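See below for the structure under consideration.
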Amino acid sequence: MQQRRPLLPLTTGTVFLLPAAVFVFFFIVLPFFWIAVVSFSNRTLTGRTARDPDWVGLQNYLSLFDPSSFMQRGEFGHSLLVTGQFVLFSALLGQAVLGLLLALLFYRRKGWVRESVTTLAIVAWIMPDVVVAFAWFAFLDWQGGTLNQLAAVLGLVKLDWLIDYPLLSIVIFNIWRGTAFSMLLFSSALGSIPPSHLETAEVAGANLWQKLRDIVLPLIKTHIATDLILITLWSFNTFTPFLLTGGGPSFRSDLVSIFTYRTAFRFFRFGEGAAVGMIMMLINLVFALVYLALLRRERRTT
Amino acid sequence: MARVCRRAGRLVPESGMSLRQIFGRVLFYALATVAASFFALPLLWLLGAPFNPLAVLSVHIPENPSLQNFEAVFRNTFAMRALFQNSIIQGVGGMLLVTLAAAMAAYALSRSSIPGTTTITYGLVLFSSIVTGTAAMVPIFLLVFRLGLIDTHLGVILVFTGGLLPAAIFIMKDFVDSIPRSYEESALVAGASSWRIFSDIALPIIRPGMMVVAVWAFVNIWGSFLIPFILLRSSTKMPASVAIYSFYSEAGTPIITLTAAYSLLYTLPVLILYLFVNWRYGFRFFGGIKS
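Chains as they are written, first to last, in this note's numbering: chain A, 65 to 366; chain B, 40 to 330.
Take a look at the structure:
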């Protein structure tokens, strides 16, 4: 690369960078380190331990991982299990597969059918959290909700979705909410495949599945990896299901994000809440590092 | 039917293929219909209910569509203050800070001799995807508490600015990198100061990028729930997102169709801004990074 003369001298550049640096330092870097400190204390919202918390070492972590209660409902292990199922079924299997199917369905097609489905998916994706949660609340209502009305018309049994199938409800909700991203990403990935590749395969007599497996998927595998990591990160960190189920009933949709909120802001046990947040951040870190490695490789090749 | 066959037959002489093509078409429309229904059905009630004078959860076209729900919403001072005062203060405040700070930072990262700008940019993205609002809610709350900004608009604005900046800088830097440096170089030769070059030459050129970042930041703050939910206490400061949650989750809920009407009002700016960005710049910018 050609070495160019910088337009901004070092000092002016630093000054330009300063406002953003201050914000990022205070609200992203500092919380990252502060959470570690808080997670080793017994800090609470009120009382003596609010002003002058004690150093408790690993106690918060030990109580989170206490083997006698770890997997019980409302405890950390159970919450991790719920979150794992949520991410697996709603993001990795739900959003990614549905997004890929839709991208394939509309591959090299134009017109109002494609436009309508794409727009509907995007609307579901960009609407504010509380509004979609409220809409789904009404949609899944036992008595008059659209889904049960539809079930009645089709002669199916009415179900009380949020009470009897809370985890399944938030899984379907998250698929509905987030598929647009995967669909858009895969659409643009498919658009970058040279048509000649597929035509050659067609001449050779490959069927749909063979074309998908041997040509399409290998060509877009970086996009697939990027997509899987991002939607995993987002689904792992989402708080929106709280607006639908509050984590219940009896903790059956108790995601880790909801568990953190409950510990810190309902029970006011900041130390323990920070320990959960710390573990969440470490899990995020693993995903982010993989993503960064991918981004760099992509930049280098293009 | 015959016409389809003939047209298909011309492309592929075998009659078996044309049947297959008809089947393919039917399958395409069937799958597209299923997908469209999946995305549309959950929103159906929300679209009809605001115009229905009867407070019911079932979907049907209102027999006497009316705007009385909207009238009732407009008379509710709590709801109106949340939407037209608090949501706007927080959304616009955060948007201005994010856009300006991101533009300056991206310009510095793109044009200055600061070493390791690529590392800084990637480091920012790394940190921001780790320190999410949900994972960091405890230290964020404690920090705002320590600053004495609990239950203030400013506290909410500052937290959002910090949280959205890394992605905003990332979007902006791509944008600044893509514009040619020749104008700025000739201004430099002519003896203009760095600030002059930034404000008079660079800013007008990167304005489309700033528009995209501004819309993106506004929509993000406008729609978010968790941060104002944990940082604000008094009902006079709550944004519309928290107001809607309190409407449908707490006991003594007002009529559910009022909440629907209010939700629709609250959603409109997001949809309008999306349409605007889509028409003006294409969706790829907007969809790039969503926190």
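Glycine is no exception: its CB is placed at the ideal position from the N, C-alpha and C atoms. Bear in mind that the values here come from a model prediction, so they are computed numbers and not experimental data.
Looking at C-alpha atoms only, which residue of the options is the closest neighbour of residue i?
i                 : options                                       : result
leucine 188(B)    : Glu289(B), Phe67(B) and Pro267(B)             : Pro267(B)
methionine 345(A) : Arg330(A), Val320(A), Phe331(A) and Pro282(A) : Val320(A)
isoleucine 240(B) : Ala253(B), Trp255(B), Ile260(B) and Val215(B) : Val215(B)
serine 299(A)     : Tyr325(A), Leu74(A), Gly335(A) and Leu152(A)  : Leu152(A)
isoleucine 190(A) : Arg107(A), Val102(A) and Trp240(A)            : Trp240(A)
histidine 142(A)  : Thr309(A), Leu157(A) and Ser314(A)            : Ser314(A)
threonine 298(B)  : Leu193(B), Ile196(B) and Leu122(B)            : Leu122(B)
Could one say the Cβ of residue i lies closer than 8 angstroms to chain A's Cβ atoms, at least one of them?
i                    : result
arginine 32(B)       : Because chain B spans 40 through 330 in this model, residue 32(B) falls outside it and cannot be assessed.
valine 252(B)        : no
serine 152(B)        : yes
threonine 171(B)     : yes
isoleucine 269(B)    : yes
proline 243(B)       : no
threonine 298(B)     : yes
methionine 249(B)    : no
glycine 155(B)       : no
isoleucine 210(B)    : no
isoleucine 311(B)    : no
serine 302(B)        : yes
valine 198(B)        : yes
tryptophan 318(B)    : no
glycine 262(B)       : yes
leucine 50(B)        : Confidence is the limiting factor: at leucine 50(B) the pLDDT is only 48, short of 50, which leaves the residue's position unreliable and the question unanswerable from this model.
leucine 181(B)       : yes
arginine 59(B)       : no
valine 112(B)        : no
serine 168(B)        : yes
phenylalanine 324(B) : Reliability fails at phenylalanine 324(B), whose pLDDT of 41 lies under 50, so the model's placement of it is uncertain and no value is given.
glycine 132(B)       : no
Given this structure, state the Cα-to-Cα distance separating residue i from residue j, to the nearest angstrom.
i                    : j                   : result
glutamine 207(A)     : leucine 96(B)       : 8 angstroms
valine 25(B)         : isoleucine 234(A)   : This structure cannot settle anything about residue 25(B), because the visible part of chain B is limited to 40 through 330.
arginine 178(A)      : isoleucine 311(B)   : 21 angstroms
phenylalanine 90(A)  : leucine 165(A)      : 42 angstroms
phenylalanine 166(B) : leucine 292(A)      : 19 angstroms
phenylalanine 180(B) : glutamine 60(B)     : 60 angstroms
alanine 111(B)       : arginine 333(A)     : 41 angstroms
threonine 78(A)      : serine 273(B)       : 39 angstroms
isoleucine 227(A)    : glycine 209(A)      : 14 angstroms
leucine 303(B)       : threonine 296(B)    : 10 angstroms
arginine 173(A)      : glycine 155(B)      : 44 angstroms
phenylalanine 170(A) : alanine 74(B)       : 12 angstroms
valine 137(B)        : threonine 200(B)    : 5 angstroms
isoleucine 127(B)    : threonine 304(A)    : 22 angstroms
leucine 184(A)       : alanine 79(B)       : 6 angstroms
valine 367(A)        : methionine 176(B)   : Here chain A has residues from 65 to 366 only, and residue 367(A) is not among them.
glycine 341(A)       : threonine 171(B)    : 9 angstroms
phenylalanine 351(A) : isoleucine 169(B)   : 9 angstroms
alanine 118(B)       : serine 285(B)       : 11 angstroms
isoleucine 279(A)    : valine 146(A)       : 36 angstroms
serine 221(B)        : phenylalanine 80(A) : 20 angstroms
alanine 328(A)       : aspartate 318(A)    : 15 angstroms
arginine 360(A)      : leucine 211(A)      : 45 angstroms
isoleucine 347(A)    : valine 195(B)       : 26 angstroms
Am I right that residue i and residue j are in contact with their C-beta atoms under 8 angstroms? What's the rounded C-beta distance?
i                    : j                    : result
leucine 358(A)       : tyrosine 161(B)      : Contact doesn't hold; Cβ gap of about 12 angstroms is too wide.
leucine 223(A)       : tyrosine 229(A)      : 7 angstroms
tyrosine 287(B)      : valine 195(A)        : 10 angstroms between Cβ atoms; not a contact.
phenylalanine 257(B) : methionine 134(B)    : 4 angstroms
tryptophan 200(A)    : proline 81(B)        : 6 angstroms
leucine 182(B)       : tryptophan 98(A)     : 7 angstroms
phenylalanine 211(B) : alanine 145(B)       : For the record, residue 211(B) in the displayed sequence is methionine; it is not phenylalanine. The Cβ separation is near 3 angstroms, so the contact holds.
isoleucine 236(B)    : alanine 226(B)       : 5 angstroms
tryptophan 84(B)     : phenylalanine 237(A) : About 15 angstroms; that fails the 8 angstroms criterion.
arginine 326(A)      : glycine 311(A)       : 7 angstroms
Which residues in chain C have a C-beta closer than 9 angstroms to the C-beta of residue i? List them in chain order.
i              : result
leucine 135(B) : Going by chain labels, chain C is absent from the structure shown, which instead holds the protein chains A and B.
Would you say residue i lies against chain B (beta-carbon separation less than 8 angstroms)?
i                    : result
valine 88(A)         : yes
valine 354(A)        : no
phenylalanine 104(A) : no
tyrosine 229(A)      : no
tyrosine 325(A)      : yes
methionine 65(A)     : Unreliable positioning characterises methionine 65(A) in this predicted model, as indicated by a pLDDT of 40, which lies under 50. A coordinate reading is not provided.
serine 180(A)        : yes
asparagine 238(A)    : no
Does the beta carbon of residue i fall short of 7 angstroms from some heavy atom of the ligand PLP?
i              : result
proline 258(A) : What this structure holds is no ligand at all, so the ligand PLP is not there to describe.
Members of the region 301–316 of chain A that neighbour chain B once the beta carbon cut-off is set at 9 angstroms: Asn301, Thr302, Phe303, Thr304, Phe306, Leu307 and Gly310
Between the region 259–291 of chain A and chain B, which residues of the former have a C-beta closer than 7 angstroms to a C-beta of the latter? none
With 8 angstroms as the limit, tell me which residues of the region 71–88 of chain B have their beta carbon closer than that to any beta carbon of chain A; keep them in chain order. Ala71, Ala74, Ala75, Phe77, Phe78, Ala79, Leu80, Pro81, Leu82, Leu83, Trp84, Leu85 and Ala88
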